[in-house]
Amino acid sequence: MSSENYQQRKTFFDQLLTIYGRKPVLEALQDPGMQVYKLHLAHSNKEDGIIRELRQLAEQRGIAIEMHERKALSRISKNGKQDQGVAADLQLSAYQPCNAISADHLQAAPRRYIALDRITNPQNLGMIIRSVAASGIDGLILPRRGGAPLTALVIKASAGTLFKAPIYHCEDLDAELLRMKDDGATLCCLSSHAEHSLFDYKAQGSMVYILGNETEGVSRNLEKRCNTRLKIPMHNGVESLNVAVTAALIAFSGV
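To convert, note that position 91 of the sequence shown is 94 in our numbering; the numbers rise steadily by one, no gaps.
Structural data, given as structure tokens:
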């Protein structure tokens, strides 16, 4: 295989998102606007009801169907306890590995990203994705583990914008943010004690805004990585905002 063909295949597979569960996969197959690459089914499924419907929809759309032993399917879904013997690969053109954000990319022009640290509520994640898609911010950085997975609940909360939003996935958020910092990006977290307001701050170069867990905030290790801290001015004794609201304010602050 030539290096060009290899790179094309790698890019294609990097853009695949695997969803699981009978209802989420059924909804994906029923939506003609959703690019479904492959349907995965367990041999142990009974060929009736929803399984028959899944198979029929895939065949009607010319989508490949692959059969697996139960353990093999669990490895594909990465959630054998909840996949119900069903998974599907979706092709998302804006879903990429985080290393696509190269040093050259960060230095060519000022970029703005939001990175999520252990955001576990799917409703919040979906609303954050919607704000990222709507605002035109350069991307959302998501670790594969430690936060809410990209499930049907997230898709619904995002109002379908999950398939349009620029999302960068990574295995180790700390390592990726440290790399981006070394490549010239400024890492920023929010603090009520910060000197400067989010709305007055003039960024020099590329920025990554880190938003933390709904209860605990940004982890101490990531907070130590930050070059700067900003605040959102609040009144009437209000101490904090929902993380999805905060993300929306960040996403639109530079527009």
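Cβ coordinates follow ideal geometry from the N, Cα and C atoms, glycine included.
- Under the 10 Å beta carbon count, residue 35 is surrounded by fewer than 16 other beta carbons and is classified as exposed.
- When the Cα atoms are used, residue 93 and residue 32 turn out to be separated by approximately 10 Å.
- The residue among 196, 191, 198 and 214 with its C-alpha nearest the C-alpha of residue 206 is 191.
- Taking C-beta separations shorter than 6 Å and ignoring five residues to either side along the sequence, the partners of residue 134 in its chain run 250, 251 and 254, following chain order.
- The Cβ atoms of residue 104 and residue 143 do not sit closer than 7 Å to each other.
- The bridge partners DSSP lists for residue 245 come to none.
- Contact between residue 233 and residue 188 is absent: CB atoms are separated by about 15 Å, not below the 8 Å threshold.
- Ranked by Cα distance from residue 230, the first of 60, 211, 219 and 125 is 211.
- Taking a C-beta distance under 7 Å as the contact criterion, residue 161 and residue 117 do not qualify as a contact pair.
- No residue range can be given for residue 113, since it is assigned to no alpha helix (DSSP H) and is classified by DSSP as neither H nor E.
- Counting C-beta pairs closer than 8 Å gives three or more between the region 98-113 and the region 178-187, which meets the contact rule.
- Rounded to the nearest angstrom, the gap between the Cα atoms of residue 84 and residue 152 is 14 Å.
- Taking the CA atoms as reference points, residue 165 sits about 10 Å from residue 130.
- Annotation for residue 146: the continuous beta strand (DSSP E) segment containing it runs 142-146.
- In this structure, the straight-line span from the alpha carbon of residue 52 to that of residue 119 is close to 38 Å.
- Per DSSP, reduced to three states, the secondary structure at residue 215 is strand.
- Its chain contains 29 as the residues whose beta carbon lies nearer than 8 Å to that of residue 56, once the 5 sequence neighbours on both sides are disregarded; these appear in chain order.
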